[in-house]
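Novice: In this note's numbering, the protein residues as written are 32 to 489. We put the beta carbon where it would ideally sit given N, CA and C, even for glycine. Small disclaimer: the values here were computed from a predicted structure and weren't measured. Structure incoming, see below.
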Ligand SMILES: Cc1cc2nc3c(=O)[nH]c(=O)nc-3n(C[C@H](O)[C@H](O)[C@H](O)COP(=O)(O)OP(=O)(O)OC[C@H]3O[C@@H](n4cnc5c(N)ncnc54)[C@H](O)[C@@H]3O)c2cc1C
């Protein structure tokens with residue numbers, strides 16, 4: 032018997048598509064909602080038709096997966112209800128609040144599968160709010176979706192696999208990549224080789240990107256600490272950094288900055304899921320049973336939104352969470368679920384090695400943020416103001432600091448500054464990072480004009 036309220040999947044990335052395929056194959060008709068114009072999520076983001084390029088040009092080694100996911104989506108299209116360019120901006124009482132093309136609607140649901148992905152993690156430095164500074168993901172979106180570069184001469188700074196991938200994509204597309212500045216240690220100092228070999232394909236890709244950058248003459252500096260981005264009236268002019276006690280500088284007119292990713296968990300928060308602190312990712316993540324079930328019976332979660340583990344794991348997790356959902360309706364396949372669990376587990380050593388040894392998040396940088404540096408861009412709150420708030424109130428919980436200082440109270444709801452702010456608060460209060468708590472989700476999750484709320488059609 033079909034339920035009146037549909038099941039909903041939020042996110043049409045690898046996790047969401049794979050979940051939709053599984054539910055459709057079981058005879059369900061899920062509603063798939065995504066704020067993007069096309070399915071594919073972050074990794075398989077597509078340009079508009081006027082800027083179309085083929086999969087190999089867009090996704091390199093991932094081209095065949097992109098083609099496969101695209102044809103999967105085309106094949107299931109008649110069996111699902113796909114709502115593109117639709118933002119889920121709130122959820123309450125088993126009702127989603129959606130915004131599509133300036134119209135808001137409510138959608139009741141029976142069960143929900145969150146596949147909302149991740150976003151960049153940034154650590155502020157002086158100058159990061161200047162014109163010409165982008166997050167790493169935004170730099171890639173400019174290239175993938177708009178076929179453009181963020182500047183004429185670009186520096187990539189931060190750490191993580193995306194740092195080298197995006198720098199390589201820029202260099203390959205003909206951009207002048209001035210430098211790649213990585214906060215992590217040089218590869219020669221990294222020891223956990225057996226764990227890295229657990230995913231030989233991704234490991235080899237990383238080496239390929241580095242070698243291609245070197246062959247193109249791109250300067251790669253490791254174990255760096257950023258000092259500041261220098262900007263004039265016309266935007267960025269250079270970036271200054273420190274390496275082994277020496278100061279360095281790279282001239283550029285744009286900077287892409289990113290220290291890995293953090294899961295998008297606001298919807299999980301609004302849905303009342305339990306969270307636990309993940310030391311490796313230094314983030315609060317929804318509690319799951321390892322197969323996509325959460326602490327709330329009708330809510331399931333998969334992919335980077337559950338824990339950042341890459342697009343292949345996201346795809347398997349999407350299927351696994353959908354199988355759990357079906358099993359809870361009395362229709363699951365334990366055999367397939369075991370296969371998926373084994374696959375996911377097989378890549379865990381690789382991910383752990385990446386997070387712990389190859390590209391550790393340099394949380395200590397937060398301690399060095401200069402007092403005058405803006406941390407919360409939306410409200411213009413500086414590191415000095417945050418330190419002072421911690422010192423004068425004696426508080427270390429980020430929600431309390433928010434109440435006292437307006438940190439994270441603006442348009443982005445702390446999605447951009449929250450992670451670094453927690454590190455800064457922990458360093459100032461000399462407490463463990465987990466003691467700073469997590470910013471409570473607030474609707475609207477992303478900005479929507481008040482005028483469209485006024486026309487709410489219920
Ligand atoms: C900017 C960026 C670029 C990346 N590029 C690469 C890459 O080139 N190669 C690579 O291997 N990995 C890349 N990654 C990592 C990669 O995205 C993931 O490993 C993988 O795509 C995760 O799949 P997913 O399905 O969990 O989430 P995603 O692919 O992130 O898909 C989540 C989807 O949910 C939608 N969504 C989220 N919240 C809402 C909401 N409230 N309302 C409506 N829709 C919503 C988003 O629009 C998105 O399409 C990138 C990550 C980011 C953040």
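Indicate the three-state DSSP secondary structure (helix, strand or coil) for residue 175 in the structure shown.
Specialist: Annotated three-state conformation of residue 175 is helix, per DSSP.
Novice: Considering only their Cβ atoms, is the gap separating residue 149 from residue 335 smaller than 8 Å?
Specialist: yes
Novice: Within 8 Å, do at least three Cβ pairs link the region 58-70 to the region 280-287?
Specialist: no
Novice: Which whole runs of the alpha helix (DSSP H) in the region 92-127 are 4 residues long or more, in chain order?
Specialist: As far as the region 92-127 is concerned, its whole alpha helix (DSSP H) runs of at least 4 residues are 94-107.
Novice: Ignore the nearest five residues each way along the sequence and tell me which others in residue 24's own chain have a CB closer than 6 Å to its CB.
Specialist: For the chain, the structure presents residues 32 to 489; residue 24 sits outside this window and is missing.
Novice: List the endpoints of the continuous beta strand (DSSP E) containing residue 278.
Specialist: 277-282
Novice: Thinking C-beta only, is residue 141 closer than 8 Å to residue 491?
Specialist: Since the first residue shown for the chain is 32 and the last is 489, residue 491 is missing from the structure and cannot be characterised.
Novice: Going by DSSP, what residue range makes up the alpha helix (DSSP H) through residue 483?
Specialist: 481-485
Novice: Could you check the C-alpha separation between residue 372 and residue 483 for me, to the nearest Å?
Specialist: 43 Å
Novice: Just how far apart, CA to CA, sit residue 212 and residue 300?
Specialist: 35 Å
Novice: Use the C-beta contact count for residue 157: other C-beta atoms within 10 angstroms, 16 or more gives buried, fewer gives exposed.
Specialist: buried
Novice: What is the DSSP secondary structure of residue 45, reduced to helix, strand or coil?
Specialist: Residue state, collapsed to three classes: helix.
Novice: Can you tell me the Cβ-Cβ gap for residue 188 and residue 396, rounded? I've got them flagged as a contact below 8 Å.
Specialist: Not really, about 11 Å apart at Cβ, beyond 8 Å.
Novice: Is the Cβ-Cβ distance between residue 451 and residue 44 less than 8 Å?
Specialist: no
Novice: Candidates 138, 36 and 262: which alpha carbon is nearest residue 162's?
Specialist: 262
Novice: Just to confirm before moving on: does the CB-CB distance between residue 289 and residue 133 stay below 8 Å?
Specialist: no
Novice: Please report how far the alpha carbon of residue 243 lies from the alpha carbon of residue 96, in whole angstroms.
Specialist: 22 Å
Novice: Compute the distance between the beta-carbons of residue 176 and residue 78, then report whether it is under 8 Å.
Specialist: yes
Novice: Quick one: is the Cβ of residue 73 within less than 7 Å of any heavy atom of ligand 1?
Specialist: yes
Novice: Kindly identify the DSSP beta-bridge partner or partners of residue 139.
Specialist: 126
Novice: Which partner residues of residue 413 appear in the DSSP bridge assignment?
Specialist: 405
Novice: Say the cut is 7 Å; is the CB of residue 122 nearer than that to a heavy atom of ligand 1?
Specialist: no
Novice: In angstroms, rounded to a whole number, what distance separates the CA positions of residue 489 and residue 117?
Specialist: Because residue 489 carries a pLDDT of 49, less than 50, the predicted location of this residue cannot be relied on, and no value is offered for it.
Novice: Quick one: which unbroken alpha helix (DSSP H) runs of 4-plus residues sit fully inside the region 66-93? Chain order, please.
Specialist: 86-90
Novice: Rounded C-beta distance between residue 384 and residue 227? I'm assuming under 8 Å.
Specialist: 5 Å
Novice: Can you find a heavy atom of ligand 1 that lies under 7 Å from the Cβ of residue 336?
Specialist: yes
Novice: Within 10 angstroms of the Cβ of residue 375, are there 16 or more other Cβ atoms? Answer buried if so, exposed if not.
Specialist: buried
Novice: Apart from the five residues just before and just after residue 93, which ones in its own chain have a Cβ nearer than 7 Å to its Cβ?
Specialist: 74
Novice: Between residue 390 and the rest of its own chain, which residues show a CB-CB distance below 6 Å, the 5 nearest in sequence each way excluded?
Specialist: 190, 191 and 215
Novice: Do residue 368 and residue 322 have their beta-carbon atoms positioned less than 8 Å apart in this structure?
Specialist: yes
Novice: Quick check: does the Cβ of residue 133 come within less than 7 Å of any heavy atom belonging to ligand 1?
Specialist: no
Novice: Check whether the Cβ of residue 41 sits closer than 7 Å to any heavy atom of ligand 1, and report yes or no.
Specialist: yes
Novice: At which residues does the alpha helix (DSSP H) containing residue 391 begin and terminate?
Specialist: Premise fails: residue 391 is in no alpha helix (DSSP H) and is neither H nor E.
Novice: Identify the continuous alpha helix (DSSP H) that holds residue 375 and give its terminal residues.
Specialist: 365-384
Novice: Suppose you measure from the CA of residue 115 to the CA of residue 178; what does that come to, to the nearest Å?
Specialist: Taking the straight line joining both Cα atoms gives about 21 Å.
Novice: Do residue 364 and residue 331 count as a contact pair if the criterion is CB distance below 8 Å?
Specialist: no
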